[in-house]
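In the numbering used here, the protein residues as written are 33 to 386. For every residue, glycine included, the Cβ atom is placed at its ideal position computed from N, Cα and C. A quick note: this is a predicted structure, and the numbers were derived from the prediction, not measured. Have a look at the structure below, then the notes.
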Amino acid sequence: MAVLTGYYARGEVQGFPSVLTQDLGQHTATFGGGAVGSSFNGGAWSGSGVVALESQAIVGTQEPMFGWSELFGKVLVIPRSKDVGFLLSSVVWDVEVWNTDMLASKALTNITISGAGGLQVSGGLGSAANFGPGQASIYTATLGTDGDATIATVATWNFTGETGADMTVTGTRITVFSPEIDWSDGFTETIEFKTDVLSATSGQEQRVQLRTKPRYGAAFRVVTLEPRDSAAMDALLFGWQGRMFGVPWWPDASMLTAQATPGATSLQVDTTGRASFEAGGLVMLWADQHAWEALGVLTVASGSVALSSQVAGTWPVGTIVVPMKLGRMAEVVDVDDPVNWASIFQVSFDCEVA
Numbered sequence: 033m034a035v036l037t038g039y040y041a042r043g044e045v046q047g048f049p050s051v052l053t054q055d056l057g058q059h060t061a062t063f064g065g066g067a068v069g070s071s072f073n074g075g076a077w078s079g080s081g082v083v084a085l086e087s088q089a090i091v092g093t094q095e096p097m098f099g100w101s102e103l104f105g106k107v108l109v110i111p112r113s114k115d116v117g118f119l120l121s122s123v124v125w126d127v128e129v130w131n132t133d134m135l136a137s138k139a140l141t142n143i144t145i146s147g148a149g150g151l152q153v154s155g156g157l158g159s160a161a162n163f164g165p166g167q168a169s170i171y172t173a174t175l176g177t178d179g180d181a182t183i184a185t186v187a188t189w190n191f192t193g194e195t196g197a198d199m200t201v202t203g204t205r206i207t208v209f210s211p212e213i214d215w216s217d218g219f220t221e222t223i224e225f226k227t228d229v230l231s232a233t234s235g236q237e238q239r240v241q242l243r244t245k246p247r248y249g250a251a252f253r254v255v256t257l258e259p260r261d262s263a264a265m266d267a268l269l270f271g272w273q274g275r276m277f278g279v280p281w282w283p284d285a286s287m288l289t290a291q292a293t294p295g296a297t298s299l300q301v302d303t304t305g306r307a308s309f310e311a312g313g314l315v316m317l318w319a320d321q322h323a324w325e326a327l328g329v330l331t332v333a334s335g336s337v338a339l340s341s342q343v344a345g346t347w348p349v350g351t352i353v354v355p356m357k358l359g360r361m362a363e364v365v366d367v368d369d370p371v372n373w374a375s376i377f378q379v380s381f382d383c384e385v386a
């Protein structure tokens, strides 16, 4: 038994009436800790030892919180859907697979990918694994530039006894028409409006605008003077003529005023008076027919362009920046081969209405 030496401390003066009354003078005050003015008194305080611990068992049932069935007790895939929009270059993103069951493990048997698009899934715990209670894993999804023009695919993580662990991916794969324009022949731009004219017997008429934005068209000539360039142009026409192109709007081209480095999300470029630079559109960093990078546009300012994706390469000051529109090539392309290593192409595009 422990014995501690100490003093009985004097308490503060307090008065407590025994009943509720308006006559506050009929009761006496009590002073905890001794009388006012008394000195400290020494003494010893002793304890009786360790107090025994007592426990009580409580019987109950587990009650799930609100929303438990919607979130827990299943396998979630985040994101459940992904729209890549217009695919110009390879796209990579993270996919989280989470076993929200806090009591039981879930067995992943395999990963299946159905539909068109060329989606690839890698990383994480692999295609066959055991997810413990509450365990999550990050997988990597990749879409390359090669594949079907229309992307409509579903990736499914197959767990024993579970359904709904899947991700739907949609989009449109396009390519850039990167050969340089032959400026000696110029660039022909057409603007097409759509109006309905309602005529009355009196000769009066009413005109109704059916298209809020005009449809653009472009026509220009491409001359290839190197065997490599001619072969690349032939392959482009043969493999992609009936699909969607990113059409460079060469008259609105500008130049970088500051170097663009990998990871950058904006370009320093003069856009004044260049209407083809627009939010939601596309731009191309261009060095030659074989060296270019296409990016999406988020917002446009007079001296810069904010991007919806990061720059992949390093582009020096003076690099040509060309805005692009989405368009389809005409069914017929005039090709002239004056020699076997050079070609002249006359191309035209009908662009999509923004």
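Coil, strand or helix - residue i by DSSP
i    : result
R260 : helix
P465 : Residue numbering for the chain in the displayed model covers 33 to 386; residue 465 lies beyond these limits and cannot be assessed.
G147 : strand
A266 : Sequence check: residue 266 is Asp here, not Ala. Note: D266 maps to helix in three-state DSSP.
W272 : helix
P280 : strand
L103 : helix
G359 : strand
K138 : strand
I90  : coil
I206 : coil
R112 : coil
E384 : coil
V201 : strand
S231 : strand
I213 : coil
Sub-7 Å separation of residue i and residue j beta-carbons
i    : j    : result
A296 : V343 : yes
S146 : V201 : no
A179 : G149 : Residue identity check: residue 179 is Gly in the sequence provided, not Ala. Going by C-beta atoms, G179 is nearer than 7 Å to G149.
D261 : L242 : no
F191 : A184 : no
D126 : I90  : no
M316 : A323 : no
L230 : Q236 : no
T346 : T293 : yes
T132 : L157 : no
Beta-carbon proximity list for residue i, same chain, < 6 Å, skipping 5 on both sides
i    : result
V124 : T174
W272 : T207
F252 : I213 and F219
D284 : R306, S308 and P355
K25  : Absent from the model: residue 25. The displayed extent of the chain is 33 to 386, so no value can be given.
Q152 : T174
T172 : S154 and G155
S341 : L327 and G328
Identity of the residue in the options nearest residue i by Cα
i    : options                   : result
V379 : A290, S286, L151 and D214 : D214
D217 : Q238, E194, G196 and A250 : A250
V337 : V354, A323, M265 and D368 : V354
I110 : A181, W189, Q152 and A333 : W189
Q167 : F191, E310 and W130       : W130
E194 : A292, V364 and L108       : L108
Q321 : L330, V254 and P165       : V254
D366 : L330, T304, D266 and L339 : D266
L257 : D368, S137 and V116       : D368
G274 : S122, S121 and M361       : M361
S121 : S137, L314, S87 and A264  : L314
T182 : G117, A161, A232 and T244 : G117
Proximal residues to residue i (C-beta, below 8 Å), its chain only, five neighbours per side dropped
i    : result
S159 : L140, N142 and I143
A290 : Q300 and V349
D302 : S286, M287, T289, S334 and G335
V279 : F209, A250, M356, K357, L358, G359, F381 and C383
L135 : P165
Local Cβ density within 10 Å of residue i, reported as buried at 16 or more and exposed below that
i    : result
A307 : exposed
K357 : buried
V364 : exposed
G64  : Unreliable placement is indicated for G64, whose pLDDT of 48 sits below 50; no coordinate value is reported for it.
M276 : buried
V240 : exposed
P211 : buried
L119 : buried
R205 : buried
V371 : exposed
M199 : buried
F163 : buried
S137 : exposed
7 Å Cβ shell around residue i - same chain, five flanking residues per side excluded
i    : result
P246 : I223, E224 and F225
Q259 : Checking the displayed sequence, the identity of residue 259 turns out to be Pro instead of Gln. Correct list, in chain order: W373.
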